[in-house]
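See below for the structure under consideration.
Residue numbers (the working numbering), protein chains in the order written: chain Y, 8 to 479; chain Z, 104 to 369.
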């Protein structure tokens, strides 16, 4: 599995908030997707009904996942492909390496796959002397920079144009040094030129899948660059890398999900390319791979399915919860420390890599509810975040200050007499300290607040005291 | 409202909320005035503290349940329960039923309480149908929708309808009205850096309007916004923007200083 810095979330946050490049990139990025989604939804009156349908499809599939995966496998095999099951990341990497070895592969082209990030397939292939080449522009950029994606659909959204230009100049060292690389079009043209040969010379192409359709045994990818199509049709071996929850019962269901996916993600009605692959090249096909493999990853998901977090498996990876999350927009994706950031990452990551390293993520939310509000399959993200918090508390992972702060307050809140006895004098004291200015610049017990903010002073007596006085 | 009508009005238990109780009782008196003027009989039960949200949101379910039981026992006897906070009303309405979902005996009681619990402005507008507030204030005002009130309880039009009845008020919407200010209960002290960034973002948008007063229905959010504004003023920012709870404006109880402002006469 790919390495994580989620445990150092607080340090990551400090770094992210102080990173001017990142803050500038986040500011520019925020507006686009959110704005476009709003417009796209306005144009489709039945959008909220579609969300209900999409949620029902996913929840039904989750409830019968074993059956649909079984049907899917049968149909993939019927169309001449093979399905491989991987319990964890290591197994998935070994399976892929095995297929690459059998094909005698030296280079592998890759479409965008978050599962590939999750299992760190690039590192594994490189270690085994196979060169992985990312063909999605964003993924290509972060591969050159040696980074993880910072967003599940826009992996390089944290990188500025100048930084891309710098990375290209360093990586493409055989091109003329003085060439102009300032305009986005120039960057795109250079990436295209670099990648074109790789598409043709690659022995194996690995793509992810947005959906796996049980009814037909097809995999579906949704892209805007067309790189995914070249990755899966040109090499002689195509490997689809997907996780179990990508399964969808029928083609009809897939179209419903597609209608909410792109609108939620980028605000497009449909992405530029939506490609269905069913098995290897057949006798009558004009092109396509000679072999078609599907590697299906579990990596903790069946445990989620059986536990309290099964609703998270409905996620279709649109990224809307990231785009709308004020915390994500403040710190960006890398602060979350692993491949899945934002609200969906804060729920999924502890499920996949364990709570111990990821306990900060479900805490670092105001539970403002915007994520649930925009989720195309209506995942109750705040509820799931609270559930993790409950496990964080029960497993004693909370820092002692927070834990005893909450405990202390609860002890008082359960006993009104004690509450009045203890809290009332403190409030009076604070009010007295701030009498002239109306606020306090520093309160030792509330450093987290007063470091950056003044504390509006209490008025003095409590309401309940004043009310009793008034009643006399 | 005559005393005769008052005697027949619904019996409303005020859940004052810990923040209003401890920090800004004037919001409580404004709420009482608004409710009495609307014809309600007011009761303030003595055995009340907090709705249990800090424990609930921190995953301390047992404590949250114990606190919820206290609230249920004290408040289920009223016709309605009203809180000057979307967050605390949301806790009772939306989250108490979840807390007791596996407790058959409590479920019915919790649902009955949830059904009759309201945030102040939604109660005044939707239940008491308040149409004609007698107050006046010449000011440009902007409204900050608190997350729980807006997204859990769907409160959006009610405070605006009521503010529109205050003579002289000019309502100026701001772009960040529906975006979290970064308060988030314990979040603001657990992750102060992120919270600080968020409230700064809110203030950038707030200060783009020429509003003189920002009001909202939740004291937590308002304290966060005012606390940052006040610190920025210390650091040299020039602004006349003041912060108040919506109840104070609606009740016309504006004699005391705005939130976090000093009483220079003292």
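Glycine is no exception: its CB is placed at the ideal position from the N, C-alpha and C atoms. Just so it is clear, the structure is predicted and the values come from calculations on it, not from any experiment.
task: Identify every residue that forms a DSSP beta bridge with residue 219(Y).
output: DSSP output for residue 219(Y) lists 226(Y), 254(Y) as bridge partner(s).
Using a Cβ-Cβ cut-off of 7 angstroms, state whether residue 331(Z) counts as contacting chain Y.
Judged by the 7 angstroms Cβ criterion, residue 331(Z) is in contact with chain Y.
Any idea which residues DSSP pairs residue 213(Y) with across the strands? In the DSSP assignment, residue 213(Y) forms a beta bridge with 117(Y), 246(Y).
Identify whether residue 368(Z) lies in helix, strand or coil by the three-state DSSP scheme. With a pLDDT of 42 at residue 368(Z), under the threshold of 50, the modelled position of this residue cannot be trusted; read the value that follows with caution. Coil, per DSSP.
Please confirm whether residue 466(Y) has its beta-carbon closer than 7 angstroms to some beta-carbon of chain Z. In terms of beta-carbon proximity, residue 466(Y) lines the interface with chain Z, with at least one pair separated by less than 7 angstroms.
Hey, which unbroken runs of the alpha helix (DSSP H) at 4 residues or more fall wholly within the region 121-197 of chain Z?
Within the region 121-197 of chain Z, the alpha helix (DSSP H) runs of at least 4 residues that lie entirely inside it are, in chain order, 121-126, 128-140, 156-160, 164-178, 189-193.
Cutoff 7 angstroms: residue 347(Z) Cβ touching any chain Y Cβ = It does not; no Cβ of chain Y falls within 7 angstroms.
Item to check | Cβ shell of residue 360(Z) (< 8 angstroms), same chain only, five flanking positions each side left out | outcome: Listed in chain order, the non-local C-beta contacts of residue 360(Z) below 8 angstroms within the same chain comprise 366, local neighbours out to five positions each way being set aside.
- Message: Can you tell me whether residue 394(Y) sits near the ligand MN, meaning its C-beta is under 6 angstroms from at least one heavy atom of the ligand?
- Response: With respect to the ligand MN, the structure offers nothing, as it holds no ligand at all.
Among the candidates 319(Y), 258(Y), 442(Y), 370(Y), whose CA atom is the shortest distance from the CA of residue 383(Y)? Here the closest residue by C-alpha is 319(Y).
Q.
Quick check on DSSP: helix, strand or coil for residue 270(Y)?
A. Collapsing the DSSP output to three states places residue 270(Y) in a helix.
- Query: Does the pairing of the region 384-397 of chain Y with the region 136-143 of chain Z give three or more beta-carbon distances under 8 angstroms?
  - Reply: With the rule of 3 Cβ pairs closer than 8 angstroms, the region 384-397 of chain Y does not count as touching the region 136-143 of chain Z.
Just the Cα atoms here: how many angstroms apart are residue 97(Y) and residue 122(Y)?
Roughly 12 angstroms between the two C-alpha positions.
- Item | Helix, strand or coil at residue 346(Y) according to DSSP, with G and I counted as helix | Here residue 346(Y) sits in coil by DSSP.
key: Stretch pair the region 390-410 of chain Y + the region 426-445 of chain Y: three plus CB contacts closer than 8 angstroms   = Judged by Cβ distances under 8 angstroms, the region 390-410 of chain Y makes no contact with the region 426-445 of chain Y, as fewer than three pairs qualify.
Roughly how far, in whole angstroms, is the beta-carbon of residue 146(Z) from the beta-carbon of residue 114(Z), given that I think they are within contact range, below 8 angstroms?
-> That pair is a contact at about 6 angstroms.
Quiz prompt | Rounded straight-line distance, which links the Cα of residue 173(Z) to that of residue 182(Z) | solution = Those two C-alpha atoms are separated by around 18 angstroms.
Exercise. How long is the line joining the alpha carbons of residue 13(Y) and residue 287(Y), rounded to whole angstroms?
Worked result: Going by the C-alpha atoms only, they are around 40 angstroms apart.
Open item on the list: Using a Cβ-Cβ distance cut-off of 7 angstroms, determine whether residue 269(Z) contacts chain Y.
Closed with: Contact with chain Y is absent for residue 269(Z), since none of that chain's Cβ atoms lies less than 7 angstroms from the residue's Cβ.
Please confirm whether residue 38(Y) has its beta-carbon closer than 7 angstroms to some beta-carbon of chain Z. No, residue 38(Y) does not count as interfacial toward chain Z.
- Query: So is residue 44(Y) buried or exposed if we call it buried at 16+ other beta carbons inside 10 Å?
  - Reply: With a threshold of 16 other beta carbon atoms within 10 Å, residue 44(Y) meets it and is buried.
Exercise for review: Using only alpha-carbon positions, find the residue among 301(Y), 250(Y), 20(Y), 21(Y) that is nearest to residue 83(Y).
Suggested key: The residue from 301(Y), 250(Y), 20(Y), 21(Y) with its alpha-carbon nearest to that of residue 83(Y) is 301(Y).
Q) Using a beta-carbon distance below 7 angstroms, is residue 355(Z) in contact with chain Y? A) No, residue 355(Z) does not count as interfacial toward chain Y.
Q) Taking Cβ positions, are residue 186(Z) and residue 132(Z) nearer each other than 7 angstroms? A) Taking 7 angstroms as the cut-off, the beta carbon of residue 186(Z) is found no closer than this to the beta carbon of residue 132(Z).
Helix, strand or coil: how does DSSP classify residue 294(Z) here?
Coil at residue 294(Z), not helix or strand.
Query raised in the report: Going along the chain, which residues of its own chain have a beta-carbon closer than 6 angstroms to the beta-carbon of residue 220(Z), five neighbours each way excluded?
Result: 184, 192, 195, 196.
Do you know offhand how far residue 166(Z)'s Cα is from residue 254(Y)'s?
Distance between residue 166(Z) and residue 254(Y), taken at the CA atoms: about 40 angstroms.
Under the three-state DSSP convention, the category residue 218(Z) falls into: Here residue 218(Z) carries a helix assignment [DSSP, helix/strand/coil].
Between which residues of its own chain and residue 479(Y) is the CB-CB distance below 7 angstroms, once the five residues before and five after are set aside? For residue 479(Y), same chain residues with a beta-carbon under 7 angstroms away, outside a window of 5 residues either side, do not exist.
Among 455(Y), 463(Y), 451(Y), 421(Y), whose alpha-carbon lies nearest the alpha-carbon of residue 441(Y)? The shortest C-alpha separation from residue 441(Y) is found at 463(Y).
In the DSSP assignment, the alpha helix (DSSP H) including residue 369(Y) goes from what residue to what residue?
In the DSSP assignment, residue 369(Y) falls within the unbroken alpha helix (DSSP H) covering 367-370.
Taking only runs of the beta strand (DSSP E) that begin and end inside the region 281-337 of chain Z, which ones reach a length of at least 3 residues, in chain order? You should have 316-319.
query: Which value, in whole angstroms, describes the spacing of the CA atoms of residue 312(Y) and residue 61(Y)?
result: Our two residues, residue 312(Y) and residue 61(Y), have alpha carbons roughly 18 angstroms apart in a direct line.
Problem - Complete runs of the alpha helix (DSSP H) confined to the region 380-423 of chain Y [at least 4 residues] - result: For the region 380-423 of chain Y, whole alpha helix (DSSP H) runs of length 4 or above, ordered along the chain, are 388-401, 407-420.
Q: Alpha carbon to alpha carbon, how far is residue 208(Y) from residue 115(Y)? Give it in angstroms, no decimals.
A: Using only the alpha carbons, I get a separation of about 9 angstroms.
I'd like to know whether the C-beta of residue 194(Z) is nearer than 7 angstroms to at least one C-beta of chain Y. Chain Y, which has no Cβ nearer than 7 angstroms to the Cβ of residue 194(Z), makes this no.
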